[in-house]
DNA sequence: TATTGTTATACTCTATAACTATA
DNA sequence: TATAGTTATAGAGTATAACAATA
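Residue numbers (my numbering), protein chains in the order written: chain X, 1 to 135; chain F, 1001 to 1135.
This is how it looks when you write it as structure tokens:
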């Protein structure tokens, strides 16, 4: 029952996020890629592929789309002429900041009504789920 | 933070389920469709499309794959010669039973170690998420 | 030889639009 | 006219394999 509810809750949240991202011209996969760039920029496409756990070929398409939309820019790697430097543009930084803010607001709406004890217990429960898989 | 953990937990669970489904020759989308058939069989493709909230065209492909793999069978609708009756095969029933059992076992592994208080708090947190979106 | 990123190709999931057979 | 399901077409996300440029 709790498993069903967990999956259902995420489905609803993901739907909501997908709608919000569409307003910025982003999909889930592209937002995740943009997020990955933001966390490590500047980085090579190979590094981004490893971070996202997808193939380099997949990253080519994702970066193509993000570059086309103006969120990231490709440039020369200073030391390795095979590699491509990917960095955030100003538009990309703005979009990431907006995503962070939206995530915070959503979290407040979703969990703001819980007591500190409940929130702590729920967090522990979710942590134990993650532990089960990473252990 | 809790939002991150919720999304992360579901990501891990989904990964795990995807691997398990692959052993049965099923993808997430096909398993969901099979599940939809199991809950209502026999039913028309139109009814399945409504239940899954996808287009009739999408259902054609999903049922094609499930039929090809022997999980469901198409048949004539008794009253409407336009419509197609979809029903589970014996293999389909077996697969659904196995999926149910696997879900129960996973839930036990994930949540069996929690105290009743933690489990109750987690359930309330998840319920409040669902309420936020359905209200 | 090994690595970076690309082109070529393919499969899955999804959608809209046009069409056929039936209601 | 309206509905059920299909063919035609398209976009997105993913993968493997072969290749060019560079290390």
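Just so it is clear, CB atoms sit at the ideal spot from N, CA and C, and this is done for glycine as well. Being a predicted model, the structure only gives us computed values, none of them experimental.
Taking the beta strand (DSSP E) that residue i belongs to, which residues open and close that run?
i: residue 75/X; result: 72-76
Exposed or buried, residue i, counting other C-beta atoms within 10 Å across all chains shown (16 or more means buried)?
i: residue 1135/F; result: exposed
i: residue 118/X; result: buried
i: residue 1092/F; result: buried
i: residue 30/X; result: buried
i: residue 1023/F; result: exposed
i: residue 125/X; result: buried
i: residue 1036/F; result: buried
i: residue 1095/F; result: buried
If I follow the unbroken alpha helix (DSSP H) through residue i, where does it start and stop?
i: residue 88/X; result: Element bounds for residue 88/X: not the alpha helix (DSSP H) but the beta strand (DSSP E), 84-88.
i: residue 1126/F; result: 1116-1134
i: residue 53/X; result: Counting along the chain, residue 53/X falls outside any alpha helix (DSSP H), and DSSP gives it neither H nor E.
i: residue 40/X; result: 28-40
i: residue 8/X; result: 2-23
Less than 9 Å between CB atoms is the rule here; does residue i satisfy it with respect to chain F?
i: residue 128/X; result: yes
i: residue 123/X; result: yes
i: residue 81/X; result: no
i: residue 84/X; result: no
i: residue 8/X; result: yes
i: residue 113/X; result: yes
i: residue 110/X; result: yes
i: residue 118/X; result: yes
i: residue 77/X; result: no
i: residue 103/X; result: yes
i: residue 49/X; result: no
i: residue 55/X; result: no
Would you say residue i lies against chain X (beta-carbon separation less than 9 Å)?
i: residue 1014/F; result: yes
i: residue 1005/F; result: yes
i: residue 1133/F; result: yes
i: residue 1019/F; result: no
i: residue 1106/F; result: yes
i: residue 1002/F; result: yes
Going by C-alpha distance, which of the options is nearest residue i?
i: residue 1046/F; options: 1018/F, 1059/F, 1125/F and 1065/F; result: 1059/F
i: residue 33/X; options: 125/X, 81/X and 72/X; result: 72/X
i: residue 1085/F; options: 1112/F, 1100/F, 1017/F and 1038/F; result: 1038/F
i: residue 1067/F; options: 1050/F, 1126/F and 1025/F; result: 1025/F
i: residue 4/X; options: 1132/F, 1123/F and 1131/F; result: 1123/F
i: residue 1083/F; options: 1049/F, 1019/F, 1096/F and 1129/F; result: 1049/F
i: residue 132/X; options: 1057/F, 1107/F, 1056/F and 1128/F; result: 1107/F
i: residue 1077/F; options: 1018/F, 1016/F and 1044/F; result: 1044/F
i: residue 89/X; options: 42/X, 15/X and 6/X; result: 42/X
i: residue 65/X; options: 101/X, 100/X and 28/X; result: 28/X
i: residue 1101/F; options: 1006/F, 1021/F and 1053/F; result: 1021/F
i: residue 1098/F; options: 1054/F, 1002/F, 1017/F and 1013/F; result: 1017/F
i: residue 15/X; options: 1087/F, 1053/F and 1061/F; result: 1053/F
i: residue 1087/F; options: 1061/F, 1079/F and 1070/F; result: 1070/F
Return the Cβ separation of residue i and residue j in integer angstroms, given the expectation that the two are a contact with Cβ distance under 8 Å.
i: residue 9/X; j: residue 1120/F; result: Actually they are not in contact, since the Cβ atoms of residue 9/X and residue 1120/F sit about 16 Å apart, beyond 8 Å.
i: residue 114/X; j: residue 1115/F; result: 17 Å between Cβ atoms; not a contact.
i: residue 63/X; j: residue 81/X; result: With 8 Å as the limit, residue 63/X and residue 81/X do not qualify as a contact, their Cβ atoms being about 18 Å apart.
i: residue 2/X; j: residue 1111/F; result: 6 Å
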